[in-house]
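> Heads up: take any position in the sequence shown, counting from 1, add 7, and you land on this note's numbering. We treat Cβ as the ideally placed atom computed from N, Cα and C, and that holds for glycine. Because the structure is a prediction, the values reported are computed rather than measured.
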Amino acid sequence: MPTDFRRVTLRALDESDQGEFLELARASAELHHPWISLPSDVREFREYLARYVGADEECLLVCVRGSGDIAGVVNVNSVIRGRFQSASLAYAAFARTAGMGYMAEGVGLVVRHAFERLRLHRLEAQIQPGNHASLRLVRRVGFRREGYSPELLFIDGAWRDHERWAITSAMVDIAPTAPHSTLPER
Ligand SMILES: CC(C)(COP(=O)(O)OP(=O)(O)OC[C@H]1O[C@@H](n2cnc3c(N)ncnc32)[C@H](O)[C@@H]1OP(=O)(O)O)[C@@H](O)C(=O)NCCC(=O)NCCS
Numbered sequence: 008m009p010t011d012f013r014r015v016t017l018r019a020l021d022e023s024d025q026g027e028f029l030e031l032a033r034a035s036a037e038l039h040h041p042w043i044s045l046p047s048d049v050r051e052f053r054e055y056l057a058r059y060v061g062a063d064e065e066c067l068l069v070c071v072r073g074s075g076d077i078a079g080v081v082n083v084n085s086v087i088r089g090r091f092q093s094a095s096l097a098y099a100a101f102a103r104t105a106g107m108g109y110m111a112e113g114v115g116l117v118v119r120h121a122f123e124r125l126r127l128h129r130l131e132a133q134i135q136p137g138n139h140a141s142l143r144l145v146r147r148v149g150f151r152r153e154g155y156s157p158e159l160l161f162i163d164g165a166w167r168d169h170e171r172w173a174i175t176s177a178m179v180d181i182a183p184t185a186p187h188s189t190l191p192e193r
């Protein structure tokens, strides 16, 4: 049996995570600003969770093996099926365990999950040019820079320019056992 060296696992966010998630998000506000904002109170947490329940989109927690500590969160957003089979990733580390390589591993697992289980073909990450930590992370995972879109996303009160990074299933040589039902035959 092959040895598994992974230090993290993925699991879906659920309502029992509310207390810990809010505490971690509050303690990480400085790390996250001005790039991303996570729920900061119970109402926002419930709205955030509701977005992912029963939807094609997913909110996955990156958890440290053994302790189960939540190291970060990765969202698979904006899933488009049909001829596109694409989604956007959003992610954040929590300050307690940031900079330890857990997020690179976690995003790598999400890429594998998205291609094998969700049967997507392409994942995109939109990143502001000044967000060096995020740019390093996607490079480490194997994304390629596809381009640059001025005023792409409304972040921290303004429309911000973003670099567009993406990875396809062919780039990591992962194919689903069967194509998604919405993919046309030709
Ligand atoms: C972007 C972000 C998620 C990166 O999280 P992180 O915890 O720093 O990511 P990682 O720990 O996986 O990788 C960072 C460092 O860990 C280091 N590391 C330490 N131990 C490691 C190990 N065993 N294996 C791999 N890397 C390791 C790596 O060298 C890496 O440093 P480098 O990128 O300077 O080379 C985090 O900075 C964040 O939450 N930013 C705010 C939110 C945000 O910007 N989201 C993205 C919007 S586009």
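Just tell me which of H139, M107 and L130 has its CA closest to the CA of E2.
Past the boundaries of the shown model lies residue 2; the chain is included only from 8 to 193, so the question cannot be answered.
> Measure the alpha-carbon distance for E123 versus Y98 and round it to whole angstroms.
As a first step, residue 123 must be located in the sequence shown, where it is residue number 116. As a first step, residue 98 must be located in the sequence shown, where it is residue number 91. When rounded, the distance between both Cα atoms is 20 Å.
> Among H39, F52 and F12, which residue has its Cα nearest to the Cα of D24?
To locate residue 24, count along the sequence shown from 1; it is residue 17. D24 has its Cα closest to that of F52, out of H39, F52 and F12.
> So, helix, strand or coil for A100, using DSSP?
The sequence position of residue 100 within the sequence shown is 93, counting from 1. DSSP places A100 in strand when its eight states are reduced to three.
> Have a look at A111 and D48 and give me their C-alpha separation to the nearest angstrom.
Position 104 of the sequence shown, counting from 1, holds the residue named residue 111. Position 41 of the sequence shown, counting from 1, holds the residue named residue 48. When rounded, the distance between both Cα atoms is 27 Å.
> Within a Cβ cutoff of 8 Å, which residues of the same chain sit near T104, ignoring the five residues on either side of it in sequence?
Stepping through the sequence shown from its first residue, residue 104 is reached at position 97. Cβ within range, chain order: V71, D76, A78 and G79.
> Less than 8 Å between C-beta atoms, sequence neighbours within five positions excluded: which residues of the same chain meet that for S44?
The residue you call residue 44 lines up with position 37 of the sequence shown. Excluding sequence neighbours, S44 sits near D163.
> Alpha carbon to alpha carbon, what distance is there between E22 and Y55?
Translated into the one-based positions of the sequence shown, residue 55 becomes position 48. Translated into the one-based positions of the sequence shown, residue 22 becomes position 15. Cα-Cα distance, rounded: 10 Å.
> Can you say whether F161 is buried or exposed, counting buried as having 16 or more other CB atoms within 10 angstroms of its CB?
For the purposes of this step, residue 161 is taken as residue 154 along the sequence shown, with counting starting at 1. F161 comes out exposed.
> Is Q92 near L127, with beta carbons less than 8 Å apart?
The residue you call residue 92 lines up with position 85 of the sequence shown. The residue you call residue 127 lines up with position 120 of the sequence shown. Going by C-beta atoms, Q92 is nearer than 8 Å to L127.
> With distances taken from CA atoms, which of R143, L116 and R90 is nearest A19?
Taking the sequence shown and counting its residues from 1, one reaches residue 19 at position 12. Minimum Cα distance to A19 is reached at L116.
> Cα separation between M8 and D180?
Residue 8 sits at position 1 when you count from the first residue of the sequence shown. Residue 180 sits at position 173 when you count from the first residue of the sequence shown. For M8, the predicted structure reports a pLDDT of 48, less than 50, and the residue's modelled location is therefore unreliable. The matter cannot be settled from this model.
> Quickly, what does DSSP pair R152 with across the bridge? List them, please.
As a position in the sequence shown, residue 152 is number 145, starting the count at 1. DSSP lists W172 as partners of R152.
> Look up E30 in the DSSP assignment and say whether it is helix, strand or coil.
Position 23 of the sequence shown holds residue 30. Of the three classes helix, strand and coil, the one that applies to E30 here is helix, per DSSP.
> Using the DSSP secondary-structure output, state which residues sit across from S93 in a beta bridge.
Reading the sequence shown from its first residue, position 86 is the one you call residue 93. Beta-bridge pairing links S93 to I87 and R129.
> Does ligand 1 have a heavy atom nearer than 7 Å to the CB of S141?
Walking along the sequence shown from the start, residue 141 turns up at place 134. Yes - ligand 1 has a heavy atom lying nearer than 7 Å to the Cβ of S141.
> Buried or exposed: W166, going by 16 or more other Cβ atoms within 10 Å of its Cβ?
As a working note, residue 166 is residue 159 in the sequence shown. Counting Cβ neighbours within 10 Å, W166 comes out exposed, since fewer than 16 surround it.
> Check whether the Cβ atoms of V114 and V81 sit closer than 8 Å, and answer yes or no.
Translated into the one-based positions of the sequence shown, residue 114 becomes position 107. Translated into the one-based positions of the sequence shown, residue 81 becomes position 74. Taking 8 Å as the Cβ cut-off, V114 and V81 qualify as a contacting pair.
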